[in-house]
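What follows is a single structure, written as structure tokens, with notes after it.
In our numbering, the protein residues as written are 453 to 723.
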């Protein structure tokens, strides 16, 4: 072997040794940075060298042993495994979806907040309106109390020119018990026309008309007692004797002729 070949081999061995040493240094730096366990086997695999090479190189062996001992002395810390590219993509996609949901939730809450703000505004307006009504009611109550204090407490006197409704009603029959009992005794049913007619005149007039009917029934056959009574009420007929100071026979003959003309009686009696 010539000297040139020997030099070439030595130069190649030196270059290889330098390259291996650089790979080991880079592997150690990367393993320390990533927190990986340092051992001769792990360093050899990472740097792509043999473990025999590491044992032969005193400087590298000494450094690996020092770093290994330092790791053993330090408390073990749980370190999350590094995420792969696929897992990173999944995490990013998940975060984006959560971000969309949060934005949608924020928009919904913002709309709810705007609606509540509008309701609060209307409620404030309602409170103002209620307060205004309260003040107006208080003022009206005050005026009412003042009017009451100025009004005399004496009861109002009856106006002689004004007739009470109750008094007017008392003057009329209103279907009084006495009238009803008389009509029941005569077996006369009160029709709508007869009822209105009775209500329009005083009870005294109705009773006189009933007495007139009784007198007619005692002297002749009355064809239509209800119609006879209606005519007696309309024309204010009175019986031959009793309530008025009139000539009995003449009055009887007068209403009898009227009743006969209306075909309310069938026969006549001559006085």
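Every residue, glycine too, gets a C-beta built ideally from N, C-alpha and C.
It should be emphasised that the depicted structure is a prediction, and the values quoted were computed from it without experimental measurement.
Close beta carbons around residue i, own chain, < 6 Å, minus the five adjacent residues each side
i           : result
residue 691 : 663, 664 and 667
residue 681 : 661 and 665
residue 697 : Unreliable positioning characterises residue 697 in this predicted model, as indicated by a pLDDT of 38, which lies under 50. A coordinate reading is not provided.
residue 640 : 677 and 678
residue 587 : none
Three-state class that DSSP yields for residue i in the structure shown
i           : result
residue 653 : coil
residue 488 : coil
residue 546 : helix
residue 502 : coil
residue 641 : coil
residue 539 : helix
residue 685 : helix
residue 628 : coil
residue 454 : coil
residue 509 : coil
residue 564 : helix
residue 571 : helix
residue 518 : helix
residue 662 : helix
residue 526 : coil
residue 558 : helix
Rounded straight-line distance, which links the Cα of residue j to that of residue i
i           : j           : result
residue 561 : residue 573 : 18 Å
residue 583 : residue 558 : 37 Å
residue 522 : residue 506 : 18 Å
residue 551 : residue 544 : 10 Å
residue 659 : residue 603 : 47 Å
residue 568 : residue 548 : 30 Å
residue 459 : residue 465 : 10 Å
residue 575 : residue 546 : 43 Å
residue 454 : residue 461 : 11 Å
residue 556 : residue 538 : 27 Å
residue 564 : residue 579 : 22 Å
residue 493 : residue 467 : 23 Å
residue 471 : residue 542 : 39 Å
residue 593 : residue 577 : 24 Å
residue 597 : residue 631 : 50 Å
residue 619 : residue 595 : Caution is warranted here: a pLDDT of 48 is assigned to residue 619, below 50, making its placement in the model unreliable, and the coordinate value is therefore given only provisionally. Approximately 36 Å between the Cα atoms of the pair.
residue 590 : residue 642 : 57 Å
residue 525 : residue 456 : 50 Å
residue 599 : residue 566 : 50 Å
Cutoff 8 Å; reference residue i; Cβ partners in own chain excluding five residues on either side
i           : result
residue 473 : 509 and 512
residue 570 : none
residue 490 : 480, 483, 484, 516, 519, 520 and 523
residue 554 : none
residue 636 : none
residue 634 : 659 and 662
Residue i: CB within 7 Å of a non-hydrogen atom of the ligand MN
i           : result
residue 687 : The ligand content of the structure shown is nil, which means the ligand MN is not present either.
Other residues of its chain near residue i: CB distance less than 7 Å, five sequence neighbours each side excluded
i           : result
residue 657 : 685 and 688
Flag this pair as touching only if the segment 633-647 and the segment 670-690 have three or more C-beta atom pairs under 8 Å; answer yes or no. yes
Segment contact, 8 Å Cβ cut-off, at least three pairs: the segment 460-478 with the segment 489-503: yes
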